[in-house]
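Which chain is which? The protein sequence lines are A and B, in order. Numbering-wise (the working numbering), the first sequence opens with residue 1 and increments by one. Numbering-wise (the working numbering), the second sequence opens with residue 158 and increments by one. The block underneath contains the structure these notes are about, expressed in structure tokens.
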Amino acid sequence: MKHIISVLVENKFGVLARIAGLFSARGYNISSLAVSETQDDALSCMTIVVEAEDEKILEQIKKQLNRLVDVLTVTDFTKKEHIERELILAKVSCPAKNKTKLESILDKFQAKMIQHKGGIAAIEFVGQQQEIKQLLHELEQFGIRELVRTGRIAIAS
Amino acid sequence: MTGAQILFECLEREGVQIMFGYPGGAVLPIFDKLYDSKIRFILTRHEQAAAHAADGYARATGKVGVCIATSGPGATNLTTGIANAYMDSIPMVAITGQVKTFLIGNDAFQEADITGVTRSISKHNYLVKDVKTLALTIREAFHIASTGRPGPVLIDIPVDVQQAECDFLWPEEVSMRGYKPTYFGHPGQIKKAAKLISGSKKPILFIGGGVITSQAHQEIKGLAEALQVPVVMTMMGLGGFPGTHELSLGMVGMHGTAYANHGIMESDLIIAVGVRFDDRVTGRVSAFAPCARIIHIDIDPTSIAKNVKADVPIVGDAKNILGQLLEEIKKKPDTQKWLEQIHEWKARHPLRYQHHDNKIKPQFVIEQIYEATKGEAIIVTEVGQNQMWSCQWYKYDKPRTFISSGGLGTMGFGFPAAMGVKLGCPERTVFDIAGDGSIQMNIQELMTVVCNKIPVKVAILNNGYLGMVRQWQELFYKKRYSQTKLCNPDFVRVAEAYGAVGIRVEKTEEVRPAIEKALKIDNAVFLDFLVEEEENVYPMVPAGEAINRMIGGMA
Numbered sequence: 001m002k003h004i005i006s007v008l009v010e011n012k013f014g015v016l017a018r019i020a021g022l023f024s025a026r027g028y029n030i031s032s033l034a035v036s037e038t039q040d041d042a043l044s045c046m047t048i049v050v051e052a053e054d055e056k057i058l059e060q061i062k063k064q065l066n067r068l069v070d071v072l073t074v075t076d077f078t079k080k081e082h083i084e085r086e087l088i089l090a091k092v093s094c095p096a097k098n099k100t101k102l103e104s105i106l107d108k109f110q111a112k113m114i115q116h117k118g119g120i121a122a123i124e125f126v127g128q129q130q131e132i133k134q135l136l137h138e139l140e141q142f143g144i145r146e147l148v149r150t151g152r153i154a155i156a157s
Numbered sequence: 158m159t160g161a162q163i164l165f166e167c168l169e170r171e172g173v174q175i176m177f178g179y180p181g182g183a184v185l186p187i188f189d190k191l192y193d194s195k196i197r198f199i200l201t202r203h204e205q206a207a208a209h210a211a212d213g214y215a216r217a218t219g220k221v222g223v224c225i226a227t228s229g230p231g232a233t234n235l236t237t238g239i240a241n242a243y244m245d246s247i248p249m250v251a252i253t254g255q256v257k258t259f260l261i262g263n264d265a266f267q268e269a270d271i272t273g274v275t276r277s278i279s280k281h282n283y284l285v286k287d288v289k290t291l292a293l294t295i296r297e298a299f300h301i302a303s304t305g306r307p308g309p310v311l312i313d314i315p316v317d318v319q320q321a322e323c324d325f326l327w328p329e330e331v332s333m334r335g336y337k338p339t340y341f342g343h344p345g346q347i348k349k350a351a352k353l354i355s356g357s358k359k360p361i362l363f364i365g366g367g368v369i370t371s372q373a374h375q376e377i378k379g380l381a382e383a384l385q386v387p388v389v390m391t392m393m394g395l396g397g398f399p400g401t402h403e404l405s406l407g408m409v410g411m412h413g414t415a416y417a418n419h420g421i422m423e424s425d426l427i428i429a430v431g432v433r434f435d436d437r438v439t440g441r442v443s444a445f446a447p448c449a450r451i452i453h454i455d456i457d458p459t460s461i462a463k464n465v466k467a468d469v470p471i472v473g474d475a476k477n478i479l480g481q482l483l484e485e486i487k488k489k490p491d492t493q494k495w496l497e498q499i500h501e502w503k504a505r506h507p508l509r510y511q512h513h514d515n516k517i518k519p520q521f522v523i524e525q526i527y528e529a530t531k532g533e534a535i536i537v538t539e540v541g542q543n544q545m546w547s548c549q550w551y552k553y554d555k556p557r558t559f560i561s562s563g564g565l566g567t568m569g570f571g572f573p574a575a576m577g578v579k580l581g582c583p584e585r586t587v588f589d590i591a592g593d594g595s596i597q598m599n600i601q602e603l604m605t606v607v608c609n610k611i612p613v614k615v616a617i618l619n620n621g622y623l624g625m626v627r628q629w630q631e632l633f634y635k636k637r638y639s640q641t642k643l644c645n646p647d648f649v650r651v652a653e654a655y656g657a658v659g660i661r662v663e664k665t666e667e668v669r670p671a672i673e674k675a676l677k678i679d680n681a682v683f684l685d686f687l688v689e690e691e692e693n694v695y696p697m698v699p700a701g702e703a704i705n706r707m708i709g710g711m712a
């Protein structure tokens, strides 16, 4: 099962390595990771999405995250009400003749075309996992050239 | 002040009286200031030994042990000692030099990313990039090392930071918003625990190193005596309850006593204090204490429910919690039948070995050391058979009298650790019980003990083998003794070459007189006991078995 874990940490060098180390030491792959400063620039928030092969081991990792000196709080959003979003940037093939068709799909999703040159459209979309999946599915017909995702971020609702 | 001056100002204010270490290029400014410092410095012959000596000092005194090494190889040589202290929750501050800040990451001469290397084997670590943060960093390091569940903290200081100047500001208070250990147990949980205890018929106290760290030995004794509950100890817990007490069942686990293992397995309530249910203690977890409910008291939440599920977890300091718990217990359990059962096990399955008149038995040597020192020595051990026999055949009545590498199982720990112990407790007799394999892993420290007049006694149980590995090869690998037969030097002459005293003991009747003689010598002594070669440590629980499935344990 995928877990979204939000970790509030001191904004210092080396903290990310400590946190990543707790996962990598067990051979756990981090699916996504988003890190940035919070409203307090001395603190950073890391949103980590990880596939837990064993819930007991994940519990242990969470406790060990909490034990790190630079960690203030650890929140597992998986069983909590929360709002989550992810930003994607995608490049799709889009010759002029297909532009209208692409735009109508983007409108449906409230996604944006932020650039169109040389037959390639750059698309920006913010949404939940299901929406992103659907959008990407629809974009496949155009041919997805490149895809970059920020990974999920979450906040309690 | 320069960074190096600030370092010593801080160390002195933290109450550091002794440091262990080795100089080098990246710590020259620090060693220059050391020249004028009041702090006693012990120059070891290897950085690993400096870390173990600081560790031993910390274990014996409860104070923070301090070691120092240069960058690169100096720092990497400390790592085994740091990992060792981490596994056994020992307060230690390790200081390393680092190449100049602008060279970091350039593969400079003697550069190693030691904060990266020690990240997973230290409680915390720091790379100091600005001299203005040095004083606070040192203050925090000592605070982190010595509070909560203690552990080693490394401070990496680049040469230019050691040389840089700034005003000295001593931070009176340390406050870290991400580091706030819990000291007091949750009252609701303590009530629940008290209720379970009152309702139990076969309770057992199961204590570990946390009892010694939190100085809860009096509370354990109080609880055990008031409620008439038997006590088993992990290796790290030895001395946390008097080994000669009638309620003591000694050590539990792979080489525990049969009665301790039966006691745990048959109990209906385990009161676990400062233990982490290590695999050497639990054996096969799925078969561990099938009828027992578990109360687990520990200051580190990550130790609870890690290996074994706890019915009543209580996070906090053992000393505080045990005090509260005893007050909360309204009705004492009736343990009379349970104690009768335990006495029967004790009578039926005592620890034993076959004495031999012509061959020195290693167990006999330890028994003789116990008698000759009247049980009042501090025993330090290496790792392997020597260690397990030391757990079984010496009785520890007081905390901090048994010093051994538990979690990491570091061969070569004992001798340098014994130096630290002796320096911390100069009035006490300190015996390192060693094997002929382990002693050679840090034998160069003979020079350190001779030079600094540290009269530790080393009993080498010389069987010509890496005994514990040989035992496993005998029992589980068809006696194929792959790389376990050792060629050894003449330990007596080695000791003498360094200026220590060497005594060879070849006959049973010479054992006691040799020990008595060594105790009278005001110098380091190597006692080379030529013991039975293929003696095994029993009882023994094979790996992956339930702990009542002992071999050679009369189970």
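We put the beta carbon where it would ideally sit given N, CA and C, even for glycine.
Proximity to residue i [Cα-Cα], best of the options
{"i": "ILE88 of chain A", "options": "A:SER32, A:ARG18, A:THR100", "result": "A:SER32"}
{"i": "VAL35 of chain A", "options": "A:ARG26, A:ASN66, A:ALA20", "result": "A:ALA20"}
{"i": "GLU484 of chain B", "options": "B:ALA591, B:LEU384, B:GLY594, B:VAL442", "result": "B:LEU384"}
{"i": "VAL522 of chain B", "options": "B:ARG450, B:ILE617, B:ALA446", "result": "B:ILE617"}
{"i": "GLU667 of chain B", "options": "B:ILE354, B:GLY365, B:ILE517", "result": "B:ILE517"}
{"i": "MET422 of chain B", "options": "B:ARG433, B:VAL432, B:GLY410, B:VAL430", "result": "B:GLY410"}
{"i": "GLY400 of chain B", "options": "B:TYR527, B:HIS343, B:ASP270, B:ILE312", "result": "B:TYR527"}
{"i": "TYR336 of chain B", "options": "A:ALA121, A:GLN129, A:ARG67", "result": "A:ARG67"}
{"i": "ILE261 of chain B", "options": "B:ALA462, B:ILE314, B:ASP647, B:THR339", "result": "B:ILE314"}
Distance between residue j and residue i (C-alpha atoms, nearest Å)
{"i": "GLN481 of chain B", "j": "GLU382 of chain B", "result": "16 Å"}
{"i": "GLU86 of chain A", "j": "ALA208 of chain B", "result": "48 Å"}
{"i": "ILE377 of chain B", "j": "GLU501 of chain B", "result": "24 Å"}
{"i": "ILE486 of chain B", "j": "LEU362 of chain B", "result": "15 Å"}
{"i": "HIS300 of chain B", "j": "VAL386 of chain B", "result": "36 Å"}
{"i": "LEU147 of chain A", "j": "ALA90 of chain A", "result": "4 Å"}
{"i": "GLN346 of chain B", "j": "GLN141 of chain A", "result": "60 Å"}
{"i": "PHE325 of chain B", "j": "GLN319 of chain B", "result": "13 Å"}
{"i": "PRO95 of chain A", "j": "GLN134 of chain A", "result": "22 Å"}
{"i": "ALA17 of chain A", "j": "ASP455 of chain B", "result": "27 Å"}
{"i": "GLY420 of chain B", "j": "LYS494 of chain B", "result": "13 Å"}
{"i": "LEU191 of chain B", "j": "GLN174 of chain B", "result": "12 Å"}
{"i": "PRO230 of chain B", "j": "SER547 of chain B", "result": "34 Å"}
{"i": "GLY305 of chain B", "j": "MET46 of chain A", "result": "26 Å"}
{"i": "ALA417 of chain B", "j": "LYS257 of chain B", "result": "55 Å"}
C-beta neighbour in chain A for residue i, strict 8 Å
{"i": "GLY335 of chain B", "result": "yes"}
{"i": "ILE678 of chain B", "result": "no"}
{"i": "ARG276 of chain B", "result": "yes"}
{"i": "ILE301 of chain B", "result": "yes"}
{"i": "PRO458 of chain B", "result": "yes"}
{"i": "LYS463 of chain B", "result": "yes"}
{"i": "HIS343 of chain B", "result": "no"}
{"i": "THR439 of chain B", "result": "no"}
{"i": "HIS281 of chain B", "result": "yes"}
{"i": "ALA712 of chain B", "result": "Confidence in ALA712 of chain B is poor, its pLDDT being 38 and thus under 50, which makes the residue's placement too unreliable to answer from."}
{"i": "THR605 of chain B", "result": "no"}
{"i": "GLU171 of chain B", "result": "no"}
Status (buried if at least 16 other CB within 10 Å, exposed otherwise) for residue i
{"i": "PHE588 of chain B", "result": "buried"}
{"i": "CYS644 of chain B", "result": "exposed"}
{"i": "PHE713 of chain B", "result": "Coverage of chain B is limited to positions 158 through 712, which leaves residue 713 of chain B absent and any answer about it impossible."}
{"i": "SER228 of chain B", "result": "buried"}
{"i": "MET392 of chain B", "result": "buried"}
{"i": "LYS12 of chain A", "result": "exposed"}
{"i": "MET711 of chain B", "result": "Note that MET711 of chain B has pLDDT 48, beneath the 50 cutoff, so the model's placement of it is unreliable and no number is given."}
{"i": "CYS167 of chain B", "result": "buried"}
Neighbour list for residue i in chain C, Cβ cutoff strictly below 9 Å
{"i": "GLN39 of chain A", "result": "In the displayed structure, chain C is absent; the protein chains listed are A and B."}
Residue i Cβ short of 7 Å to the ligand ATP heavy atom set
{"i": "ASP457 of chain B", "result": "Among the ligands in the structure shown, none appear at all, so the ligand ATP cannot be discussed."}
Chain B contact for residue i (CB, 8 Å cutoff)
{"i": "VAL50 of chain A", "result": "no"}
{"i": "LEU72 of chain A", "result": "yes"}
{"i": "VAL175 of chain A", "result": "Only positions 1 to 157 of chain A appear in this structure, which leaves residue 175 of chain A out of reach."}
{"i": "GLY21 of chain A", "result": "yes"}
{"i": "GLN158 of chain A", "result": "Past the boundaries of the shown model lies residue 158 of chain A; chain A is included only from 1 to 157, so the question cannot be answered."}
Review point. What are the uninterrupted segments assigned as alpha helix (DSSP H) that are 4 or more residues long and contained completely in the stretch 314 to 375 of chain B, given in chain order?
Key: 316 to 320, 344 to 356, 366 to 370
Review point. Where in the stretch 413 to 447 of chain B do unbroken runs of the alpha helix (DSSP H), each at least 4 residues long, occur, reported from the N-terminal end onward?
Key: 415 to 423, 436 to 439
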